[in-house]
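Protein chains in written order, with this note's numbering: chain A, 1 to 281; chain B, 1001 to 1508. Note that beta-carbon positions come from the ideal geometry of N, C-alpha and C, so glycine has one too. To start, the structure under review is shown below, and the notes come after it.
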Amino acid sequence: MTLTAPVNKIIPFSNVDGPSNRTAIFFQGCPFNCLFCHNPETINMCVNCGVCVRNCPVQALSFDESKKVVWDKQKCVQCDTCIKVCPHTSSPKITWMSVPDVMKEIHRTLPYIAGITTSGGECTQQNEFLIELFTEVQKLGKTCLIDSNGSFDFEADPRVLKVCDGVMLDMKAYPEEWHRHLIGHDREIVLKNLHYLLEHGKLYEVRTIIFPGRDEENEAAVRYVSEVIRDRCFYKIIRYRPFGVREKYLPELGEFTTDEAYALKYVELAKSLGAEKAYII
Amino acid sequence: MSEALNIIKDETLTYNQELIALARLGESTDDTIVYSDEYYAAKAKGALCDLNEGRMPYRPRYICPDYELLFQKGCEFLELEPPKDLLEAVNVLEIFYRHVPSITTFPVYLGSLDTLLEPFVIKEDRAYAKKVLGLFLKQIDKTLTDSFVHANIGPEDSVTGRLLLELTEEMQLAIPNITLKYDPVKTSDDFAMACVKCMLRTAKPSFANHRMFVSEWGERYAIASCYNGLNIGGGGFTLPRMRLYECSLDAKSIDDFFENELPKYIDLQLEYMDKRVKFIVEESTFFKHNFLATEGFVKQENFTGMFGVVGLAECCNNLLGIKDNKKGFGLNEEATSLGIRIMDAIEKRVAEHEAPYCDAYGHRYRLHAQVGIDTDGMDDAPGTRIPIGAEPTILEQLEVNEKFHKYFPTGTGDIFKFEETYLKTPEAILPIIKGSLANGLRYFSGYLENNDVVRVTGYLVKKSEIEKLNKRQQSLNNVTVFGKGAQDGGHALDRRVQKQDDINRSCK
Ligand code: SF4
Ligand code: SF4
């Protein structure tokens, strides 16, 4: 059987998923459940309950013979009703693609890009797929980066890192309780990956989100990461933004984007702790 | 009221614009050049357009003087000596520009400013050179008040090139238009990046495919007016255009279009060009008496006629009965292939035509993808572009352009929008430019789009989210807490409106 993976979206040109111009591939499905997730519809796999099929205003969704929901990209008007009504934080708008399918898209963008970045959801859930894909892309002289939440044990399956040029790792929170609350998962595996990737020269960048008014939590994360990475990789300080965040979590997390001046203090803090390649976006 | 009185009483016109309009009116009283009835009928239908060139051409439309020659031997007619230092050099240029005619009355080509001025600039202290160049640019902006005034830089890096970029950013002047002649070997990444950064802040320079232009024109080519490739020491006699959408309206079928309508209009436009070119060379005094010609700053044999087209997209969509541009040319294989077939046919027929004069080009005219004028409305997209509103991705836009740019040695181009995050990641733009030029794109213009929603990292922005956000953003703009942010946003917006003047490069 051909290996396939659920692709939520391919962005041909991205300037925000790693250095230079890259093709970014977003996979469906994520083992974490971050409260602030900007794309909660990428978290779970569709269970074919059919709620969205009944609600689509243009009949772009239907069941196939095996009772699976299929999406007609041509008919779809991108109203996102399906995403809103889905009771399972999922999306019917995914395409199961094989490695050759994805390569076909990459061949179009190849003249203009430095490489590709796989993201999600959580792309490392598709580790077998990534290994095949990266092997093909590297043959073409382009780089392959992984954007990961750190849930995948890179040490346990070293094949992935062999064909991957670097990982951009989210270190979204540090204090144990806060991590469990915010991410819905323990922090251990993320911390382990942080060290492992750094030691193996595969940590391209770490990202931490700065929440409005969360002085203690913000500082703990920035301190920890900075002291570990020093100047050995980039450190992207991201301002929390409310875009796409589920309504029910907005009161707790904030309705507004973190103030730039406030977030800049943490860039300064990171730099003062030796993380010289800290920057804000 | 007479037409002259209308012009004189029009409060929207500056003195200079009145002068030009009155001159054109005077021209139109003569009917020495007579065209065929078929030509006039085609013009009345809107299938052919003369871009208001006037009935009596008394100079070529575009003139690209040889400024190197000016610096070598000076100019007798203007009593100018070859310059010995930077001050003299810019002074000589400023005086000379004033005497270079064109369709707009302003010079459409200012020269390769970096190579011209570099020998003088490097002899001066950098700060002093910058001051002089700043005043030079200001002089141009305030006296050559037309955005088709065009300067070239590159392909090599230079102190002068860098200073011009710095000044362009600092002074935020609308004029002149600037093009970098980009060559993958001769242009360093560092210099190209400096140009990209400048482009994000000022919508210039644009990037010209140096290798492509050199292969067609030789090393001595100019980028003039909006994006026109022409010979240095030469220029363009005339530029009429076929409005392809209108040309397709009477076609009974696609075959009929190729067999009857298209050749008919091509021949009529060629008739128009032949008559004008002959008149300019044989009747008007320009090549006989104007000092530019008599002193050798331009040579008649280096001029060619520019055969313009617009509205290829709408033409294809009409012929295929496609109503929705989003499903048409550029986004639909069948329509795009038809476009290629049409361009092949135009190219072939124009190449078969023996043009008067145009000696340097084997007596042939050269194609031009005309950029459109304000009165075109929505019927004809510029040249071979995908119509506005069809919103292709940059990738699709590039792929389509790369198929069509090869047809147009006398110029074509497209404008690419980049969202605000690119200010922080300009290095992501250079591979796009390099890749596209290597793939056959002729001319790349970019600008920064002021977009409220930007994708920050690793997540997707949904269309519905953008709409929601736009609504929220609007209401927030009135909240005092966000006063500063909103104000900043507002200014940014003002600036962009200004900028749109120079990116909206309609050829007048
Ligand atoms: S986004 Fe597309 S598939 Fe989903 S409800 Fe709207 S039209 Fe239907
Ligand atoms: S996308 Fe959601 S609503 Fe639609 S069938 Fe799947 S689980 Fe049900």
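Could you tell me which residues DSSP pairs with residue 6 (chain A) in its beta bridges?
A:96
How about residue 1185 (chain B) and residue 1159 (chain B): do their beta carbons lie closer than 7 Å?
no
Nearest CA to the CA of residue 221 (chain A): which residue from A:232, A:212, A:213 and A:207?
A:207
My understanding is that residue 1510 (chain B) touches residue 1069 (chain B), with C-beta atoms under 8 Å, so please give their C-beta distance in whole angstroms.
Because chain B here runs from 1001 to 1508, residue 1510 (chain B) falls outside it and cannot be looked at.
Enumerate in chain order the residues of its own chain whose CB-to-CB distance from residue 1111 (chain B) is below 6 Å, with the five nearest sequence positions on each side excluded.
1067
At which residue ranges does the stretch 60-85 of chain A contain complete alpha helix (DSSP H) runs of 4 or more residues, listed in the order of the chain?
81-85
Per DSSP, residue 1304 (chain B) is paired with what?
Per DSSP, B:1236.
Report the CB separation of residue 91 (chain A) from residue 8 (chain A) in whole angstroms; it is logged as a contact under 8 Å.
7 Å
For the stretch 1348-1416 of chain B, which segments carrying the beta strand (DSSP E) assignment without a break, of at least 3 residues, lie completely within its bounds, in sequence order?
1366-1369
With DSSP run on the structure shown, which of helix, strand or coil describes residue 1037 (chain B)?
helix
Taking buried to mean at least 16 other C-beta atoms within 10 Å of its own C-beta, is residue 225 (chain A) buried or exposed?
Counting Cβ neighbours within 10 Å, residue 225 (chain A) comes out buried, since at least 16 surround it.
Give the secondary structure of residue 170 (chain A) by DSSP, where H, G and I count as helix, E and B as strand, and everything else as coil.
In this structure, residue 170 (chain A) counts as strand in the three-state DSSP scheme.
Can you give me the C-alpha to C-alpha distance between residue 1360 (chain B) and residue 1302 (chain B), rounded to a whole angstrom?
5 Å
Ligand 1 and residue 78 (chain A): does any heavy atom of the ligand fall closer than 6 Å to the residue's C-beta?
yes
So, for residue 77 (chain A): in the same chain, excluding its five sequence neighbours on each side, which residues have a beta-carbon less than 6 Å away from its beta-carbon?
58
Are the C-beta of residue 1443 (chain B) and some C-beta of chain A separated by less than 7 Å?
no
Could you compute how far the alpha carbon of residue 1381 (chain B) sits from the alpha carbon of residue 1276 (chain B)?
26 Å
Provide the residue(s) that pair with residue 1256 (chain B) in DSSP beta bridges, ordered along the chain.
Beta-bridge pairing links residue 1256 (chain B) to no other residue.
Once you ignore the five residues that flank residue 2 (chain A) on each side, which residues in its own chain have a CB closer than 7 Å to its CB?
So the list reads 98, once near-sequence residues are dropped.
What residue does the alpha helix (DSSP H) around residue 1429 (chain B) start on, and which one ends it?
Looking at the DSSP string, residue 1429 (chain B) is not in any alpha helix (DSSP H), and its letter there is neither H nor E.
First and last residue of the alpha helix (DSSP H) that includes residue 197 (chain A)?
It spans 188-199 - the alpha helix (DSSP H) in which residue 197 (chain A) sits, taken as one unbroken run.
What residues are listed by DSSP as bridge partners for residue 120 (chain A)?
Answer by DSSP bridge pairing, in chain order: A:27.
Tell me whether residue 88 (chain A), by its Cβ, gets closer than 6 Å to a heavy atom of ligand 2.
yes
Does any C-beta atom of chain B lie closer than 7 Å to the C-beta of residue 20 (chain A)?
True, the Cβ-Cβ gap to chain B drops below 7 Å.
Given that a residue counts as buried once 16 or more other Cβ atoms are within 10 Å of its Cβ, and exposed if not, what is residue 1217 (chain B)?
buried
Run through chain B and tell me which residues come within less than 7 Å of residue 15 (chain A), C-beta to C-beta.
1421, 1422, 1425 and 1428
With respect to 6 Å, is the separation between the Cβ of residue 82 (chain A) and the closest non-hydrogen atom of ligand 1 below this value?
Within the cutoff, so yes.
Compute the Euclidean distance between the alpha carbons of residue 1020 (chain B) and residue 1143 (chain B), then round it to the nearest angstrom.
In this model, residue 1020 (chain B) and residue 1143 (chain B) are separated by some 15 Å (Cα to Cα).
Residues of the stretch 1391-1406 of chain B in Cβ contact with chain A at a cutoff of 8 Å, in chain order, please.
1393, 1394, 1395, 1398 and 1399
Should residue 61 (chain A) be listed as close to ligand 1, given that the test is whether its C-beta is under 6 Å from any heavy atom?
yes
Of the residues that make up the stretch 103-136 of chain A, which ones have a beta carbon closer than 7 Å to any beta carbon in chain B?
108, 109, 111, 112, 113, 114 and 119
For residue 12 (chain A), would you say it is in contact with chain B, using Cβ-to-Cβ distances shorter than 7 Å as the test?
Contact of residue 12 (chain A) with chain B is assigned, a C-beta pair being separated by under 7 Å.
Just checking residue 39 (chain A) against ligand 2 - is the residue's beta carbon closer than 6 Å to any of the ligand's heavy atoms?
no
Residues in its own chain within less than 7 Å of residue 1271 (chain B) by CB, not counting five upstream and five downstream?
1035, 1036 and 1039
If we count Cβ pairs, one from each stretch, closer than 8 Å, do we get three or more for the stretch 1328-1335 of chain B versus the stretch 1378-1396 of chain B?
yes
Closer than 8 Å, Cβ to Cβ, to anything on chain A: give me those residues from the stretch 1317-1328 of chain B, in chain order.
none
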